[in-house]
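Numbering (our numbering), first residue to last: 4 to 492.
Heads up, the beta-carbon is just placed ideally off N, CA and C, and yes, glycines get one too.
For clarity, every value in this text was computed on a predicted model and none was experimentally measured.
One structure below.
Encoded structure:
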C-alpha cells in the first residue's frame, strides 16, 4: 500500500518522471528525522506482530524489507507469517528475506506462535529473497538505514561479516533483548557469538529491555482501545487478538510489552532512559521507560490519532469538538480514525489558510500526505511541480499541497509547470526520484458535475453555491481515501 512505490525505488526500479535541473538550490531548515528507512529483523513472535504493525501504521517510517530470523519460529515459518501479513494488508509490496536457520533452537512457546494467523493465507511466498538481497538493498539505498531487530542477531552479524563496506550505511541497530548488562535473554542466548560480533563491530546498537516492569502489560484494557475503531492498526490487532487461543491468553494477562518497546523506542525515544557502556558510547541500553506514556501512544495509534511529528506552535493539534464548526464536528472522529492525525491536521490547516472549505484544496492536502507516504519523508523535504495552474478551481490544489508537504512558495519548493492544460496533478521529487499523482478521472468527473450543479442552481456569486461547495468538500473529506483516489505514475 503506502510502501509500494518507495520500495520499488529502493530496490532499483525506476518509476515516475525524472525531474532534474528544475529546482534551484535553496537553504532549508534541517527537518527532524521523521523519515526513517527501516529493515525489520524478526523471529515472528506475537509481540513482534504488534511491533511490526505499529511501525507500519506510521507514514513517516519506510520499511524497506523484513528478515525472517530463527528463534520463536524458524525462518521458513517466519517467512510464511510475514508473507501472509504483507499479502493481506500491504499489497505484496515489502520484500521478505529468509534468514539463517540455527541448530538446537525450539522454544516452548513455538507451537502457540505457530498457530497464530498473521493474514488470511499463509501459503503465499510473494517477494521472498535470499540473504544476499539485503546487502545489495543496503548498498542501493541512498540514505542511512536503521535495523530493528526483534530476534537473535544472527543475520545482522552476517551482513556485517560478509560486507564491511555496508557498515557506514547502517545508522544504528535497535535490538530487543531481556538485558544488555549482563547479556542474558532468549535473543542473546540463541546466538551469543553473533550478538558479541555485532557488539564489537563498532556499529551503534541500542538495546531495549522490558526490565520486568509488572505494569508493562498488553492486556484487555489496552486492547479495548481497538473497540469501534477502523484504523489500520486496530484492524490488524483485532485480526489476531480475537483468535480464540490468543484471546484466551489475552484474558489471562499473558502478554507483556516486550518487542513492542523497541518499536516505540524508534519513534518516541524520549520515553526511554538510556545509558552507555563505559568507554563504549555506541553501545546503549535502557534503564527505564515511561509505561503510562507508551500505553497512551499505542492507544493513539489504535485510534488513528498518533502523530510522530512534533508541533510547531501547538503542544498537540486540536481535536476537541467544541473548537470546530458544527458540520466539521460531525466527521472529525471518523476522519481521524480512517485517515490519521497527519491528514486531519493538514486538511484543517489548509481550510484556514485557503479561506474557505473547498474541494480541490482538500484533494491537495490528501495528495501531499500521500506523496510523503510514498517517499517516506517528513515535511519540507519534497520538491513539487504542480499542473494545477494559478486559476481556481484547480489552483486550489496548490494550497493543500503546500500545507501538507511544507513545499511552500516561501521555501521555494513548489513551482507551477508551464503546461497550458491545467489539471489536478503534481510531480513530487525527492533525492532525484519523482512520482506523479493525479486525481482519478471518475473523482474529477464527480467534482466537475457537482460544481456545474451549483452554478446552474445558484450562480457563482450566490451564497447557495458556496454552501453547496462546502457540503461537498466535507463529504469528500470523509469519503475519499487518499490510497484510492489518485493515479500514481
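- Rounded to the nearest whole angstrom, the C-alpha separation of residue 418 and residue 426 is 14 Å.
- Around the Cβ of residue 123, a 10 Å sphere holds fewer than 16 other Cβ atoms; the residue is exposed.
- By the 16-neighbour rule on beta-carbons within 10 angstroms, residue 346 is buried.
- A Cβ-Cβ separation of about 5 Å places residue 158 in contact with residue 70 under the 8 Å criterion.
- Contact annotation: the region 364-382 touches the region 439-449, with at least three C-beta pairs closer than 8 Å.
- Contact annotation: the region 378-394 touches the region 428-435, with at least three C-beta pairs closer than 8 Å.
- Across the set 285, 305, 87 and 453, the C-alpha of 285 shows the shortest separation from the C-alpha of residue 206.
- In terms of Cα proximity to residue 436, the closest of 106, 41, 144 and 110 is 144.
- A straight line joining the alpha-carbon of residue 221 with that of residue 233 spans about 20 Å.
- The beta carbon of residue 330 is closer than 7 Å to those of 477 in its chain, skipping five residues each way along the sequence.
- The continuous beta strand (DSSP E) containing residue 429 extends over residues 428-433.
- Cα atoms of residue 256 and residue 165: separation of roughly 42 Å, rounded to the nearest angstrom.
- Counting along the chain, the unbroken beta strand (DSSP E) around residue 175 starts and ends at 173-179.
- Our two residues, residue 100 and residue 316, have alpha carbons roughly 43 Å apart in a direct line.
- Judged by DSSP secondary structure, residue 291 falls within the beta strand (DSSP E) whose first and last residues are 283-292.
- Per DSSP, residue 357 lies in no beta strand (DSSP E); the unbroken alpha helix (DSSP H) holding it starts and ends at 329-357.
- A direct Cα-to-Cα measurement between residue 215 and residue 261 gives close to 10 Å.
- The beta carbon of residue 137 lies closer than 8 Å to those of 42, 68, 70, 100, 158 and 162 in the same chain, with the five residues before and after it left out.
- When only Cα atoms are considered, residue 105 and residue 201 end up about 17 Å apart.
- Taking C-beta separations shorter than 7 Å and ignoring five residues to either side along the sequence, the partners of residue 118 in its chain run 248, following chain order.
- Secondary structure of residue 446 (DSSP, three-state): helix.
- Residue 170 counts as exposed, since fewer than 16 other beta carbons sit within 10 angstroms of its beta carbon.
- In the structure shown, residue 245 falls within a coil segment according to DSSP collapsed to helix, strand and coil.
- Excluding the 5 residues flanking it on each side, residue 308 has same chain C-beta neighbours closer than 6 Å at 339 and 344, in chain order.
- In the structure shown, the three-state DSSP call for residue 389 is strand.
- DSSP places residue 238 within a helical segment (H, G or I) once states are collapsed to three.
- Note that the region 41-56 touches the region 73-87; at least 3 beta-carbon pairs, one per stretch, sit closer than 8 Å.
- DSSP places residue 196 inside the alpha helix (DSSP H), whose first and last residues are 195-202.
- Distance from residue 73 to residue 193 at the Cβ level is roughly 7 Å; contact confirmed, criterion being Cβ atoms closer than 8 Å.
- For residue 394, no beta strand (DSSP E) run applies, since DSSP gives it neither H nor E.
- Secondary structure note for residue 69: its beta strand (DSSP E) is the uninterrupted segment 64-71.
- Pairing residue 413 with residue 253, the inter-Cα distance amounts to about 52 Å.
- As a beta-bridge residue in DSSP terms, residue 438 pairs with 431.
- If you look at residue 277, you'll find it isn't in any alpha helix (DSSP H); it sits in the beta strand (DSSP E) that goes 275-280.
- Around the beta carbon of residue 298, 16 or more other beta carbons sit within 10 angstroms, so the residue counts as buried.
- Rounded to the nearest angstrom, the Cβ distance from residue 287 to residue 210 is 7 Å, consistent with a contact under 8 Å.
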